[in-house]
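Novice:
Number of protein chains: 2
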Amino acid sequence: MILTVTLNTAVDITYRVPALRPHTSHRVTEVTERPGGKGVNVARVLAALGHEVTVTGFAGGTTGGELRDRLAALPGIVDALAPVAGATRRTVAVVDERTGDTTQLNEPGPVVTAAEWTAFQKTYEDLLGSVSAVALCGSLPPGLPVGAYAALVRAARAAGVPVLLDTSGEALRRGIAGRPDIVKPNADELAELTGSHDPLRATQDARRRGARTVVASLGAEGLLAHTPEGLWRAAPPARVHGNPTGAGDSAVAGLLSGLAERLPWPDRLARAVALSAATVLSPVAGEFDHPAYERLLPRVAVTGEVNAA
Amino acid sequence: MILTVTLNTAVDITYRVPALRPHTSHRVTEVTERPGGKGVNVARVLAALGHEVTVTGFAGGTTGGELRDRLAALPGIVDALAPVAGATRRTVAVVDERTGDTTQLNEPGPVVTAAEWTAFQKTYEDLLGSVSAVALCGSLPPGLPVGAYAALVRAARAAGVPVLLDTSGEALRRGIAGRPDIVKPNADELAELTGSHDPLRATQDARRRGARTVVASLGAEGLLAHTPEGLWRAAPPARVHGNPTGAGDSAVAGLLSGLAERLPWPDRLARAVALSAATVLSPVAGEFDHPAYERLLPRVAVTGEVNAA
Numbered sequence: 002m003i004l005t006v007t008l009n010t011a012v013d014i015t016y017r018v019p020a021l022r023p024h025t026s027h028r029v030t031e032v033t034e035r036p037g038g039k040g041v042n043v044a045r046v047l048a049a050l051g052h053e054v055t056v057t058g059f060a061g062g063t064t065g066g067e068l069r070d071r072l073a074a075l076p077g078i079v080d081a082l083a084p085v086a087g088a089t090r091r092t093v094a095v096v097d098e099r100t101g102d103t104t105q106l107n108e109p110g111p112v113v114t115a116a117e118w119t120a121f122q123k124t125y126e127d128l129l130g131s132v133s134a135v136a137l138c139g140s141l142p143p144g145l146p147v148g149a150y151a152a153l154v155r156a157a158r159a160a161g162v163p164v165l166l167d168t169s170g171e172a173l174r175r176g177i178a179g180r181p182d183i184v185k186p187n188a189d190e191l192a193e194l195t196g197s198h199d200p201l202r203a204t205q206d207a208r209r210r211g212a213r214t215v216v217a218s219l220g221a222e223g224l225l226a227h228t229p230e231g232l233w234r235a236a237p238p239a240r241v242h243g244n245p246t247g248a249g250d251s252a253v254a255g256l257l258s259g260l261a262e263r264l265p266w267p268d269r270l271a272r273a274v275a276l277s278a279a280t281v282l283s284p285v286a287g288e289f290d291h292p293a294y295e296r297l298l299p300r301v302a303v304t305g306e307v308n309a310a
Numbered sequence: 002m003i004l005t006v007t008l009n010t011a012v013d014i015t016y017r018v019p020a021l022r023p024h025t026s027h028r029v030t031e032v033t034e035r036p037g038g039k040g041v042n043v044a045r046v047l048a049a050l051g052h053e054v055t056v057t058g059f060a061g062g063t064t065g066g067e068l069r070d071r072l073a074a075l076p077g078i079v080d081a082l083a084p085v086a087g088a089t090r091r092t093v094a095v096v097d098e099r100t101g102d103t104t105q106l107n108e109p110g111p112v113v114t115a116a117e118w119t120a121f122q123k124t125y126e127d128l129l130g131s132v133s134a135v136a137l138c139g140s141l142p143p144g145l146p147v148g149a150y151a152a153l154v155r156a157a158r159a160a161g162v163p164v165l166l167d168t169s170g171e172a173l174r175r176g177i178a179g180r181p182d183i184v185k186p187n188a189d190e191l192a193e194l195t196g197s198h199d200p201l202r203a204t205q206d207a208r209r210r211g212a213r214t215v216v217a218s219l220g221a222e223g224l225l226a227h228t229p230e231g232l233w234r235a236a237p238p239a240r241v242h243g244n245p246t247g248a249g250d251s252a253v254a255g256l257l258s259g260l261a262e263r264l265p266w267p268d269r270l271a272r273a274v275a276l277s278a279a280t281v282l283s284p285v286a287g288e289f290d291h292p293a294y295e296r297l298l299p300r301v302a303v304t305g306e307v308n309a310a
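The listed protein sequences correspond, in order, to chains A and B.
By the count of the numbering used here, the first sequence reaches residue 310 at its end, each step adding exactly one.
By the count of the numbering used here, the second sequence reaches residue 310 at its end, each step adding exactly one.
#1: Could you list which residues in chain B have their beta carbon closer than 9 Å to that of Asn42 of chain A, in chain order?
#2: So what does DSSP say about Gly255 of chain B, is it helix, strand or coil?
#3: Are at least three pairs of beta-carbons, each pair with one atom in the region 209-220 of chain B and one in the region 183-194 of chain B, less than 8 Å apart?
#4: Between which two residues does the beta strand (DSSP E) harbouring Ser218 of chain B extend?
#5: Let me know if Arg45 of chain B comes out buried or exposed under the rule of 16 or more other beta-carbons within 10 Å of its beta-carbon.
#6: Please name the residue in A:Thr55, A:Glu288, A:Ala261, A:Asp290 whose C-alpha comes closest to that of Ser133 of chain A.
#7: Please report the distance separating the alpha-carbon of Leu232 of chain B from that of Asn308 of chain B.
#8: When the Cα of Leu224 of chain A is compared with those of A:Val303, A:Arg240, A:Ile177, A:Gly259, which residue comes out closest?
#9: Hey, could you find the ends of the beta strand (DSSP E) Asp13 of chain B is sitting in?
#10: Taking the CB atoms as reference points, tell me whether Thr228 of chain A and Ala286 of chain A lie closer together than 8 Å.
#11: Inspect the beta-carbon positions of Ala157 of chain A and Leu129 of chain A and report whether they are closer than 8 Å.
#12: Kindly say whether His27 of chain B, judged by its beta-carbon, lies nearer than 8 Å to any beta-carbon of chain A.
#13: Cβ of Gly66 of chain A less than 8 Å from any chain B Cβ?
#14: Less than 8 Å between the C-beta atoms of Ala81 of chain A and Thr119 of chain A, yes or no?
#15: State the Cα-Cα distance for the pair Leu1 of chain A and Arg296 of chain A, rounded to the nearest angstrom.
#16: Could you check if His52 of chain A is buried or exposed, using at least 16 other CB atoms within 10 Å of its CB as the buried criterion?
#17: Residues of the region 75-91 of chain B with a CB closer than 7 Å to any CB of chain A: list them in chain order, please.
#18: Under 9 Å between beta-carbons, which chain A residues line up against Asn9 of chain B? List them in chain order, please.
#19: Are Ser26 of chain B and Gln205 of chain A closer than 8 Å when you measure CB to CB?
#20: Taking buried to mean at least 16 other C-beta atoms within 10 Å of its own C-beta, is Pro146 of chain B buried or exposed?
#21: Would you mind telling me which residues of chain B sit closer than 7 Å to Leu21 of chain A, beta carbon to beta carbon, in chain order?
#22: Buried or exposed for Glu98 of chain B, going by 16 or more other Cβ atoms inside 10 Å?
#23: Let's see if you can read the secondary structure: which residues bound the beta strand (DSSP E) around Ser26 of chain A?
#24: Whole alpha helix (DSSP H) runs in the region 42-129 of chain B with 4 or more residues, listed along the chain?
#25: Is any beta-carbon of chain A found at less than 8 Å from that of Asn308 of chain B?
#26: Using only alpha-carbon positions, find the residue among A:Val41, A:Thr92, A:Ala88, A:Arg272 that is nearest to Glu67 of chain B.
#27: Which word fits Asp199 of chain B, buried or exposed, when buried means at least 16 other C-beta atoms lie within 10 angstroms of its C-beta?
#28: Return the first residue and the last residue of the alpha helix (DSSP H) that Ala178 of chain A is part of.
#29: Just to confirm, is the Cβ distance from Val56 of chain A to Val79 of chain A under 8 Å?
#30: Of all Cβ atoms in chain A, is any one closer than 8 Å to the Cβ of Glu230 of chain B?
#31: Give the DSSP-derived three-state secondary structure of His198 of chain B in the structure shown.
#32: Hey, out of A:Ala252, A:Glu34, A:Lys39, A:Ala74, whose CA is closest to Thr64 of chain A's CA?
#33: Would you mind reading off the limits of the alpha helix (DSSP H) that contains Pro267 of chain B?
#34: For Arg272 of chain A, count neighbouring Cβ atoms within 10 angstroms of its own Cβ and tell me buried if that reaches 16, exposed if not.
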């Protein structure tokens, strides 16, 4: 069993409009909804890969009820979400049918009280007893201490469960000090954390800040992994074109499943890159194209060097 | 008791963002929600004026449940909404805090089946037995026959209940043939119906199409009423500046309450204009400013002539 934590879960709504024109009124031609938040997206990909996954974090209000109803309809995912008095946030993606571009509106999420946070930590520590890996994903809802992720990282390490952290900004800066096994920043998040736009230098710096391994996602160029065992780059066989929504979450699912299966690093990275590219190629945002994944997997180029023992 | 019908009810969501920039991602700084759809807005104003109001139409899904919960919290409003299997629509108003401009996204609403429509008509006819006036408001949800309003108008007339119709486009064109007591188009709706941009000529034409009285809302110029008793214009004492959202619904509430209280036309029009202006002046979209309403009411200029007997 793999555990994913999404402290700021969401109901992700997509609106299609013929053309987005600010300061006018639009008739939405198509509405789609799905359970969201990064850890929920990671869980969906893990379940599609055949892993058993438990989802935790907070859910509350009408939107929280809807999130849980929709999660219950997904096979292979166990709902262990903790209650919160406030309402789970919505995100609205407005797709302009003329250009294909997306305008994103993200609600902030419910204010989590100290008592709710304490109760959640108890749930989380109980869950750690029966999982092989845990991913901590996404932004912090209002009200949580900025060091929330550092506390969750330390609890996982105390329970002997490998932990991956995928967040940004101050939550990443503070969380990394808890010494997670893996962080997976993208180029912007890495630059914000370290002040360096040179990925090699920045991943080294991020390791010094507390991460055992740093896997930087560099968009079309693939992944750069700085690990205690060695340094690798993994890239798709060709540039893929499509919708990048969820590509980072698919990469996390690839890394996490490879960790749970104790694959060597090059195989984990190949899986993460192939899943990520297959997500960009999928016509449905955030889903991955299974045949494309299987076609891409053996063609991912992994280059690098193993550290001297 | 006054009845308002909203076939396409809504949960109205307002997002404030620092600045709306298409094709980028936005953190929403404030989320507000309220029950919506034109007839629900009219009912809210009527209740604030001290009238007892029953609200009917359709509600379904998670959003329909939320709508009903929020309606239950409003004093003076009786919920007689009929069930629908599909989900009640949301509308999202995105307010750009920099400019104050609003970008509106309206979901289409649930598809109403023939059986749901038949069941609703029975509910509606039962309600007509105990009301003094009825308003039919807003767009038709998908699935309803385009002549739906004509059927509801005829049922009201058969029950001897005065009926006001406030809709647009084909729903207005077809509904007016049912011979409603009052229609309240704005200038654009009236021009679309009649092909004429001259309000005097267009209101005459709309009467020939079946409306006993036509009250045209002409924005800042107030109202033009073409009735069997005479022709009147009613205008606010000065141009008001603010948010026009809901001003038309407030005008309907003014006309409807005046009708239920059997006020003479000039008094009904003065009330409608004062409520409408007080809604533009309110800092909260769709609410009216009570002190402003009472200050404006005696200062509305009503001019016109009574027809020769």
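We treat Cβ as the ideally placed atom computed from N, Cα and C, and that holds for glycine.
In this text the structure is predicted, and so the values were computed from the model without any measurement.
Specialist: This is what the structure holds:
#1: On the first sequence, residue 42 of chain A is found 41 positions in, with the first residue counted as 1. Those do not exist, as Asn42 of chain A stays about 16 Å from chain B at its closest Cβ, beyond 9 Å.
#2: To locate residue 255 of chain B, count along the second sequence from 1; it is residue 254. Helix.
#3: yes
#4: On the second sequence, position 217 is the one that residue 218 of chain B refers to. Ser218 of chain B -> beta strand (DSSP E) spans 214-218.
#5: Walking along the second sequence from the start, residue 45 of chain B turns up at place 44. Burial call: buried.
#6: Along the first sequence, one-based indexing puts residue 133 of chain A at 132. Out of A:Thr55, A:Glu288, A:Ala261, A:Asp290, A:Ala261 has the C-alpha closest to the C-alpha of Ser133 of chain A.
#7: In the second sequence, the residue the question calls residue 232 of chain B occupies position 231. In the second sequence, the residue the question calls residue 308 of chain B occupies position 307. Approximately 8 Å, taken between the alpha carbons.
#8: The residue given as residue 224 of chain A occupies position 223 in the first sequence. Answer by Cα proximity: A:Val303.
#9: For the purposes of this step, residue 13 of chain B is taken as the residue at position 12 of the second sequence. 11-18 is the extent of the beta strand (DSSP E) around Asp13 of chain B.
#10: Against the first sequence, residue 228 of chain A aligns to sequence position 227. Against the first sequence, residue 286 of chain A aligns to sequence position 285. Not a contact, by the Cβ cut-off of 8 Å.
#11: Locating residue 157 of chain A in the first sequence gives position 156, where the first residue counts as 1. Locating residue 129 of chain A in the first sequence gives position 128, where the first residue counts as 1. The answer is yes: Cβ separation under 8 Å.
#12: Mapped onto the second sequence, residue 27 of chain B falls at position 26. Taking Cβ atoms only, chain A reaches closer than 8 Å to His27 of chain B, which makes this a yes.
#13: Residue 66 of chain A sits at position 65 when you count from the first residue of the first sequence. Output row for Gly66 of chain A: interface = yes.
#14: Sequence index remark: in the first sequence, residue 81 of chain A carries index 80 (1-based). Sequence index remark: in the first sequence, residue 119 of chain A carries index 118 (1-based). No, these two residues do not count as a Cβ contact at 8 Å.
#15: With chain A represented from 2 up to 310, any question about residue 1 of chain A goes unanswered, as that position is not in the structure.
#16: The residue you call residue 52 of chain A lines up with position 51 of the first sequence. Its Cβ being crowded by 16 or more others within 10 Å, His52 of chain A is buried.
#17: none
#18: For the purposes of this step, residue 9 of chain B is taken as the residue at position 8 of the second sequence. Those do not exist, as Asn9 of chain B stays about 12 Å from chain A at its closest Cβ, beyond 9 Å.
#19: Walking along the second sequence from the start, residue 26 of chain B turns up at place 25. Walking along the first sequence from the start, residue 205 of chain A turns up at place 204. No, Cβ-Cβ distance for Ser26 of chain B and Gln205 of chain A is not below 8 Å.
#20: Taking the first residue of the second sequence as position 1, residue 146 of chain B is located at position 145. Exposed: under 16 other Cβ atoms inside 10 Å.
#21: The residue you call residue 21 of chain A lines up with position 20 of the first sequence. By Cβ distance, chain B contributes Pro23.
#22: On the second sequence, residue 98 of chain B is found 97 positions in, with the first residue counted as 1. Burial call: exposed.
#23: Along the first sequence, one-based indexing puts residue 26 of chain A at 25. Counting along the chain, the beta strand (DSSP E) containing Ser26 of chain A begins and ends at 26-28.
#24: 62-73, 115-129
#25: Position 307 of the second sequence holds residue 308 of chain B. False, the Cβ-Cβ gap to chain A never drops below 8 Å.
#26: As a first step, residue 67 of chain B must be located in the second sequence, where it is residue number 66. Nearest of A:Val41, A:Thr92, A:Ala88, A:Arg272 to Glu67 of chain B, Cα basis: A:Ala88.
#27: Position 198 of the second sequence, counted from the start, is the residue given in the question as residue 199 of chain B. So Asp199 of chain B ends up on the exposed side.
#28: Residue numbering aside, residue 178 of chain A sits at position 177 when the first sequence is read from its first letter. Unbroken run through Ala178 of chain A: none, as it is neither H nor E.
#29: As a position in the first sequence, residue 56 of chain A is number 55, starting the count at 1. As a position in the first sequence, residue 79 of chain A is number 78, starting the count at 1. Contact: yes.
#30: The residue given as residue 230 of chain B occupies position 229 in the second sequence. False, the Cβ-Cβ gap to chain A never drops below 8 Å.
#31: Against the second sequence, residue 198 of chain B aligns to sequence position 197. It is coil, neither helix nor strand.
#32: Residue 64 of chain A sits at position 63 when you count from the first residue of the first sequence. Among A:Ala252, A:Glu34, A:Lys39, A:Ala74, the Cα nearest to that of Thr64 of chain A is on A:Glu34.
#33: The count along the second sequence starts at 1 and reaches residue 267 of chain B at position 266. Per DSSP, Pro267 of chain B belongs to the alpha helix (DSSP H) from 266-282.
#34: Counting from 1 along the first sequence, the entry for residue 272 of chain A is found at position 271. The residue is buried, with at least 16 neighbouring Cβ atoms inside 10 Å.
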